[in-house]
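Enquirer: After the structure tokens below, expect a handful of questions from me.
Residue numbers (the numbering used here): 35 to 642.
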């Protein structure tokens, strides 16, 4: 890297001296010429000081006005840049991998800055691991020409004690991948390898606390989950330790979903569940070879149409179906729950920590991103999200005593009891803290609150089957709320769900769920999207009328005579709840006939 030459600088100084001598013999009214290279500081991003945690990175920028006669340029042989100062050309303790060198952090951001105009200099500071007060000095230079007068500046930096930020001191850079893109046959599995270099200041340890892991990120990554993933963790660190400057390989097994198309699966090398700087990778994937031709089976009007289960993910999931994640509510920072039976605290690596009972409180500090769990005299702290899993999920029900969800028709009821696992999870991508329920689909179905307990049973069976199909369809495409790490929420935007309390209020809905267990709506052998709504104005709408020009042949407009003369409530696509209610009550239609009426050409099949 060329530097301003001391000889050139002295020569320039001599020229300035000659100009000043000449000026002394000119008339007093004659003004001295402006320096060729000079600057005046106008603005900086941090006006007082910068506070950083050890190993943390932050961006600093400063704006100077060109008060000289020469034009500043970014790319010619006399390009303008910033060098370290006091002393000149020293190696900075705050060097970042993005710097031009350890003594030259950045160059002019603009292509050209003429005299009188302003130019910006922007660079990243990466804090050393030793806490303390630092003064980092820099000065502007025209390369191989001169230092720029007035271009010196100092940044006061406080490196505080470790703030608890999960990724402080951890950085990575992707060196290579086994392929730029992948093409995988539907339902098959392929390995994908990534090499990351540790360019941070901390050692990556396989058995450390924390340990870097390659995690699936929001988007289509979850559609490619294979059986060897550990929850959100797609690949673990294989080496005992990776020191700064060393390379580690991560192998991900990707199982293609049963839907042809082009996807992008994103993953991030993460610490305590937080993405590491430079550790994100996105993989373009084409899925091909899926044929929607259904297997042969017999059917008849009003009879169950059970056929071969074609989704391995569903057939291997057991009699309650696969687990589904429900975003119950967003938390302001704390949650208190209790249960009659024992339950296990699970850490963010999905490992059991301790078995608890009675009342537990979980809190989250948004500043330090630390979770604290207390139960009596027991306390557990972590920078990773936490889970509470019942030892016996069939008999242990969680009551979230800190949560209020009371219906206006009876304020003595509180929808705050839930089956399955309860997760307390801060989502860094959205800045939200969520309470999430993780439970089998059939247990989820028992808590649906889409209808009253006294509606006709055949109508209820059609409604819960449409709802089950919709839930499994969403599950198979990777969820509706991928950025939040759950599949569905509890509102009418997804499906109205009220948990275990709803089971107690609506026992006939529970009966409808049990009598249709595992049954879904299919078209051409595939599970399909099955929207439903409150009521129409006499006819349902086709998919192409509301959402897309791409036809869904099972979603076409059909008459809804029990809605005649009413106003449309909802989107109008699929099954009208009011019209289906009328068919069950007044025509005696059974649930399979009802579903086949609204979902044209569909069949009802068992998925598990």
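Built from N, CA and C at the ideal position, the CB exists for glycine as well.
(1) For residue 124, I'd like the list of residues in its chain whose CB is within less than 7 Å of its CB, leaving aside the five on either flank, ordered along the chain.
(2) State yes or no: is the C-beta of residue 533 within less than 8 Å of the C-beta of residue 449?
(3) Any idea what DSSP makes of residue 207, helix, strand or coil?
(4) Decide if the stretch 460 to 480 is in contact with the stretch 351 to 371; the criterion is three or more beta carbon pairs, one per stretch, under 8 Å apart.
(5) If we count Cβ pairs, one from each stretch, closer than 8 Å, do we get three or more for the stretch 135 to 152 versus the stretch 208 to 222?
(6) Taking C-beta to C-beta, are residue 467 and residue 308 nearer than 8 Å?
(7) Please report how far the alpha carbon of residue 582 lies from the alpha carbon of residue 497, in whole angstroms.
(8) Would you call residue 121 buried or exposed, if buried means 16 or more other Cβ atoms sit within 10 Å of its Cβ?
(9) Which residues does DSSP list as the beta-bridge partners of residue 452?
(10) I'd like to know whether the C-beta atoms of residue 461 and residue 553 end up nearer to each other than 8 Å.
(11) Taking just the CA atoms, how far does residue 394 sit from residue 508?
(12) Quick check on DSSP: helix, strand or coil for residue 49?
(13) Just to confirm, are residue 161 and residue 220 a CB contact at a threshold of 8 Å?
(14) For residue 459, which option in 115, 590, 127, 381 has the closest C-alpha, if you only look at C-alpha atoms?
(15) Can you tell which of 106, 535, 248, 278 has its C-alpha closest to the C-alpha of residue 264?
(16) Is the stretch 104 to 113 touching the stretch 171 to 183, taking contact as three or more C-beta pairs under 8 Å?
(17) Write down the C-beta distance between residue 289 and residue 259 rounded to the nearest angstrom, noting that I regard them as a contact closer than 8 Å.
(18) Which residues in the same chain have their Cβ closer than 6 Å to the Cβ of residue 316, if we skip the five residues on either side of it in sequence?
(19) Which residues bound the beta strand (DSSP E) around residue 249?
(20) Can you tell me which of 465, 424, 602, 631 puts its alpha carbon nearest to the alpha carbon of residue 650?
(21) Report yes if the C-beta distance between residue 134 and residue 98 is below 8 Å; otherwise report no.
(22) For the candidate residues 274, 577, 642, whose alpha-carbon lies nearest to that of residue 700?
(23) Residue range of the alpha helix (DSSP H) that residue 97 falls in?
(24) Is the beta carbon of residue 267 closer than 8 Å to that of residue 191?
(25) Could you say which of 610, 599, 464 lies nearest to residue 494 if we only look at CA atoms?
(26) Out of 453, 480, 204, state which residue places its alpha-carbon closest to the alpha-carbon of residue 372.
(27) Which residues in the same chain as residue 312 place their Cβ atom closer than 6 Å to its Cβ, once the five residues preceding and following it in sequence are excluded?
(28) Give the secondary structure of residue 578 by DSSP, where H, G and I count as helix, E and B as strand, and everything else as coil.
(29) Helix, strand or coil for residue 381, going by three-state DSSP, please let me know.
(30) With hydrogens ignored, establish whether the beta-carbon of residue 587 is closer than 7 Å to any heavy atom of the ligand ZN.
(31) In or out: residue 222 buried (at least 16 other Cβ within 10 Å) or exposed?
(32) Helix, strand or coil for residue 620 per DSSP?
(33) So, under 8 Å CB-CB, residue 241 and residue 276 are touching, yes? Tell me the CB distance rounded to an integer number of Å.
(34) Quickly, what does DSSP pair residue 361 with across the bridge? List them, please.
(35) Do you know whose CA, among 310, 225, 96, 621, lies nearest residue 156's CA?
(36) For residue 106, name the three-state secondary structure that DSSP assigns.
Expert: Let me spell this out:
(1) 118, 137
(2) yes
(3) strand
(4) yes
(5) no
(6) no
(7) 24 Å
(8) exposed
(9) 432
(10) no
(11) 32 Å
(12) Reliability of the predicted coordinates at residue 49 is poor, the pLDDT of 42 falling under 50, and no value is obtained from them.
(13) no
(14) 381
(15) 248
(16) yes
(17) 7 Å
(18) 298, 300
(19) 247 to 250
(20) Residue 650 lies beyond the stretch modelled for the chain, which goes from 35 to 642, so this question has no answer here.
(21) no
(22) No answer is possible for residue 700: the residues shown for the chain start at 35 and end at 642.
(23) Here residue 97 belongs to no alpha helix (DSSP H); instead the beta strand (DSSP E) covers 91 to 100.
(24) no
(25) 610
(26) 453
(27) 205, 206, 207
(28) helix
(29) coil
(30) Among the ligands in the structure shown, none appear at all, so the ligand ZN cannot be discussed.
(31) exposed
(32) helix
(33) Contact doesn't hold; Cβ gap of about 13 Å is too wide.
(34) 470, 523
(35) 96
(36) strand
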